[in-house]
Amino acid sequence: MTIKLSPKPVLLDYTLRDLYSLDGGQHSDIVLAYALPSSRIQVASSLPLTGKYVYQNPMAQSTSTKSLATRFLRSSPQRCGFIAGEMSLIFFEIDDDGEKPNQKGTPTVSQIDTTEIYGQLAPHQRPSLRFKPALALSGLPTPKTIIIETQITPVQVHDPCAVDEEVRRMLLPLYKKGIPFVVKLPQANSSEGTLVLKSEHDRQRAGEVLKDEIRRMIHELHPKNHHLNPCSLVFQDFVEEVDGLLLAVAISGFLIPDCGLGGCISYLEQPQLKANFTEIGNEVAEYLHDQEYFGPVGVDIIVDSNGNSFIIDMNIRVSGTYHLGCLRSHFVQRGLFEVLLVSSIDLEVGKHEFQQLFENEVVEGSMLFTSWTTNMPERPNNAAICLAAADKFELEELVTRVEIFPVN
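Residues 658 to 1065, numbered by our numbering, are exactly what the sequence shown covers, in order.
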């Protein structure tokens, strides 16, 4: 027998509606549509391939079009929209789902999944559902960086000899730069366009990957996007320690504090981290305001052995862990100070069965789902789950209990 669990509604400290409304902003002018771009595979007819703005993900694991569609059009949009608040939120359709609503309007499985995820939130905070080179040139503090842009023109794209020579030219720094270092492609998802080189073996492997990727980027050049410099490589010095800084910029350019830092967050450490990174956060806010952007931002920061902070990446959008800042009071009021987001895990068990296995955690609020996608038969479900505990030891124990369920 399945027992319906009744945890208390989740009350966010703030939502995107709140952030967009600060300093004279109008949240009603904004409609949210989170759909991850696919580099070269059209994942659904509702989301055409982009030709002007191109993306690279050579390090992505090989997967089916249906799996990509689930990730790009369901799981990630659910997670990003979790903190939307009362704003319009659009979801794209997936082809050949086998789950069409009947004539009486019975919702599909995917609509039920999304409604249940957002049903965890307090009613007044639920969204209204409708089914890297620029950083180096920004003037913000970054590690030592070399940018190699293509010198080829859209006309030369059709000349095999010119393309071969350009690939060789752009790869020269890869073989000359001292290890360790990092190579980045212009646009990618979830670090799928970032290569960290710590050995000669890494260098050789990177050469094989980048040779093909540069060639693809060159062939994606055309008159409509050439001025955007979409074909380039970024070579950057490597620094070990990385912190995640979650910001929001008001329409006035003011930095909105207290959005949180880190993907595995320790709320007790936040005051010190805020003191450490407020200055660099203000620099980011000023830069983005100059670019006429306002809204959420995720920033990856490294600190070298001398205590200097450098920005290695900016996600000018809602990042995957942005909601951890919004959930501070929810967890801290329950005595939970350490939180980890377990993102995009595949599970054979269903959502309600999984909740029954962790009944205490769900009811007490130490386990919170920010996305759940029920897949068709013979395919695993997919979830993003926040796990929280009083300290790092208890969090590690909870993670160990959860780790036995994901499909390898």
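Heads up, the beta-carbon is just placed ideally off N, CA and C, and yes, glycines get one too.
Within the region 977 to 1037, ranges of the alpha helix (DSSP H) (whole runs, at least 4 residues): With a minimum length of 4 residues, the continuous alpha helix (DSSP H) runs that stay inside the region 977 to 1037 are 980 to 983, 985 to 989, 1008 to 1014 and 1016 to 1021.
Taking the alpha-carbon positions, what's the Glu877 to Leu1052 distance? Distance between the alpha carbons of Glu877 and Leu1052: 45 Å.
Could you tell me the distance, in whole angstroms, from the CA atom of Ala819 to the CA atom of Lys834? Going from the Cα of Ala819 to the Cα of Lys834 covers about 24 Å.
Can you list, in chain order, the residues of its chain with a C-beta nearer than 8 Å to that of Asp821? Leave out the 5 residues immediately preceding and following it. Beyond the five residues adjoining it in sequence on each side, Asp821 comes within less than 8 Å, by CB distance, of no other residue in the same chain.
Would Gly762 be called buried (16 or more neighbouring beta carbons within 10 Å of its own) or exposed? Any reading at Gly762 must be qualified, since the residue scores a pLDDT of 48, below 50, and its modelled position is unreliable; no value is offered.
Does the Cβ of Phe655 have 16 or more other Cβ atoms within 10 Å, making it buried, or fewer, making it exposed? The shown model of the chain, from 658 to 1065, leaves out residue 655, and the question about it has no answer.
Give the DSSP-derived three-state secondary structure of Cys818 in the structure shown. In the structure shown, Cys818 sits in a helix (DSSP, three-state: H, G or I).
Leaving aside the five residues before and after Gln782 along the sequence, list all residues of the same chain whose C-beta is less than 6 Å from its C-beta, in chain order. A distance below 6 Å between beta-carbons, with the five flanking residues on each side excluded, links Gln782 to the following residues of its chain, in chain order: Leu669, Thr672 and Gly742.
Chain-order list of residues whose beta-carbon lies under 6 Å from that of Phe1015 (same chain, five-residue window excluded): Within the same chain, Cβ atoms closer than 6 Å to the Cβ of Phe1015 are found at Met1024, the five residues on either side in sequence being excluded.
Within 8 Å, do at least three Cβ pairs link the region 922 to 938 to the region 981 to 1001? The region 981 to 1001, when compared against the region 922 to 938, does touch it at the 8 Å Cβ threshold.
To the nearest angstrom, how far is the alpha carbon of Leu1055 from that of His980? Between the alpha carbons of Leu1055 and His980 lies a gap of roughly 20 Å.
Give the secondary structure of Ala863 by DSSP, where H, G and I count as helix, E and B as strand, and everything else as coil. The answer is helix: DSSP assigns Ala863 an H, G or I state.
So Ala1045 and Val996 are in contact, right, with Cβ under 8 Å, and what is the actual spacing, rounded? Contact flag correct, Cβ pair sits at about 4 Å.
Should Ala863 and Leu831 be called a contact, given that it needs their Cβ atoms to be closer than 8 Å? Cβ distance < 8 Å, so Ala863 and Leu831 count as in contact.
Does the separation of the CB atoms of Leu993 and Ala1047 fall below 8 Å? Leu993 is a Cβ neighbour of Ala1047, given a cutoff of 8 Å.
Taking its Cβ as the centre, do 16 or more other Cβ atoms sit within 10 Å of Glu949, making it buried, or is it exposed? The residue in question, Glu949, is exposed, as its Cβ has fewer than 16 Cβ neighbours within 10 Å.
Between the CA atoms of Glu806 and Cys888 - distance to the nearest angstrom: If you take the alpha carbons of Cys888 and Glu806, they lie about 6 Å apart.
Is it the case that the Cβ atoms of Phe748 and Ala701 are separated by a distance below 8 Å? Not in contact: Phe748 and Ala701 (Cβ atoms no closer than 8 Å).
To the nearest angstrom, how far is the alpha carbon of Gly738 from that of Val866? Between Gly738 and Val866, the C-alpha separation is close to 33 Å.
Could you give the distance in angstroms between the alpha-carbon of Ile871 and the alpha-carbon of Cys1043? Their Cα atoms are separated by approximately 37 Å.
Helix, strand or coil at Asn1039 [DSSP, three-state]: In this structure, Asn1039 counts as strand in the three-state DSSP scheme.
Helix, strand or coil for Ala1045, going by three-state DSSP, please let me know. Strand at Ala1045.
Return the CA-CA distance between Leu1004 and Asn1038, expressed in angstroms with no decimal places. Using only the alpha carbons, I get a separation of about 5 Å.
Starting from Gly776 and walking both ways along the alpha helix (DSSP H), at which residues does that stretch end? Val766 to Gly776 is the span of the alpha helix (DSSP H), which, as asked, contains Gly776.
Below 7 Å CB to CB, which residues in the same chain sit around Phe838 once its five sequence neighbours on both sides are set aside? The beta carbon of Phe838 sits closer than 7 Å to those of Leu854, Phe892, Gln893, Asp894 and Phe895, all from its chain and outside the five residues before and after it, given in chain order.
Indicate the three-state DSSP secondary structure (helix, strand or coil) for Gln929 in the structure shown. The answer is helix: DSSP assigns Gln929 an H, G or I state.
Provide the residue span of the beta strand (DSSP E) that contains Lys841, from first to last. For Lys841, the uninterrupted beta strand (DSSP E) segment begins and ends at Phe838 to Lys841.
On the criterion of 16 or more Cβ atoms from any shown chain inside 10 Å, does Phe964 qualify as buried, or is it exposed? A quick correction: the sequence has Gly, not Phe, at residue 964. Sixteen is the threshold: since fewer than 16 other Cβ atoms of the shown chains lie within 10 Å of the Cβ of Gly964, the residue is exposed.
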